[in-house]
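No gaps in the numbering here: position 161 of the sequence shown is 160 in numbering that gives the first Met the number 0, and each next residue is one more.
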Amino acid sequence: MLTPVTLAVAGVLVSGLLAGCHSGTGADGPTRADAAARPAPAVTTPAPSTPAPAAAPTRPAAAAPAAAAPYCGASRYVEEIVVEQWADGRLRISVRPTSAARHAERHEATDAIWTAIGGCVTTLPALGRDVTDSLHAQLACHQDLALIPALGGGRGYATGDTYDLESWRPMMRPNSMSTWISTRCGNTLGTDPTGPPARVFRPDGVAPRHTVAGEHA
């Protein structure tokens, strides 16, 4: 049962609640009184900008590696490579094959020995395509005939102890087995230089370990 006192207390409470509602946020947002009472936002002073670090100097591109130094020594199919050079520039490249080379598959050994020659005589490309083609054909011929005994019943092999490749030999044509045999790997072609070579050396600067005997059949 609501007494007059109860009603009076309830009226006071309702008035307080209504006053609280009007001082808050209505449908239209904060009241003017709220805005006046709200502290102004602090003004932030921007920090001084830090200058970006200077870009590091660009490192120049690495120089291309120097060409590999010549090597004319031992490998799987080669004991040694020695060059004889005449005063007019003509040369003979004497390749001393290993026993493994003589018994190896012909194409494999020819490719490996040719690579070894290029690594020893680094000036090979300067001789020109005609000369290098002839040198390669002479090498292929020697390697193909590597196990043929010395002619006339002599000791050793028909190629001698070395495969001798001469720059003055023209290309064997046709470059076939019959021409290889008839020209003795090109030894009957071209005009041999007169007199001994002006230099006998290894392009890698090492003293030759074996005496060069010259061309063979």
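Just so you know, even glycine gets a beta-carbon here, dropped at the ideal spot from N, CA and C.
In or out: residue i buried (at least 16 other Cβ within 10 Å) or exposed?
i, result
"residue 176", "exposed"
"residue 185", "buried"
"residue 146", "exposed"
"residue 163", "buried"
"residue 206", "exposed"
"residue 150", "exposed"
"residue 201", "buried"
"residue 75", "exposed"
"residue 195", "exposed"
"residue 91", "buried"
"residue 168", "buried"
"residue 96", "buried"
How long is the line joining the alpha carbons of residue i and residue j, rounded to whole angstroms?
i, j, result
"residue 117", "residue 123", "7 Å"
"residue 73", "residue 79", "6 Å"
"residue 113", "residue 138", "8 Å"
"residue 155", "residue 140", "17 Å"
"residue 159", "residue 67", "31 Å"
"residue 208", "residue 71", "11 Å"
"residue 99", "residue 192", "32 Å"
"residue 203", "residue 115", "12 Å"
"residue 199", "residue 212", "11 Å"
"residue 101", "residue 173", "24 Å"
"residue 190", "residue 104", "32 Å"
"residue 77", "residue 135", "16 Å"
"residue 178", "residue 187", "11 Å"
"residue 133", "residue 180", "15 Å"
"residue 119", "residue 148", "28 Å"
"residue 111", "residue 126", "20 Å"
"residue 128", "residue 86", "21 Å"
"residue 130", "residue 153", "31 Å"
Report the option in the options whose CA atom is closest to the CA atom of residue i.
i, options, result
"residue 210", "75, 94, 89 and 70", "94"
"residue 88", "178, 173, 165 and 77", "165"
"residue 82", "178, 161, 187 and 180", "161"
"residue 107", "153, 143, 84 and 187", "143"
Since residue i and residue j are thought to touch, with beta carbons under 8 Å apart, how far apart are those beta carbons, to the nearest angstrom?
i, j, result
"residue 182", "residue 171", "6 Å"
"residue 69", "residue 109", "Not quite, the Cβ-Cβ distance comes to about 20 Å (not below 8 Å), so this is no contact."
"residue 84", "residue 157", "At roughly 26 Å, the Cβ-Cβ gap does not stay under 8 Å, so residue 84 and residue 157 are not in contact."
Segments of 3+ residues assigned as beta strand (DSSP E) that fall wholly inside the segment 83-153 = 90-96
key: beta strand (DSSP E) runs wholly inside the segment 165-196, at least 3 long, in chain order   = none
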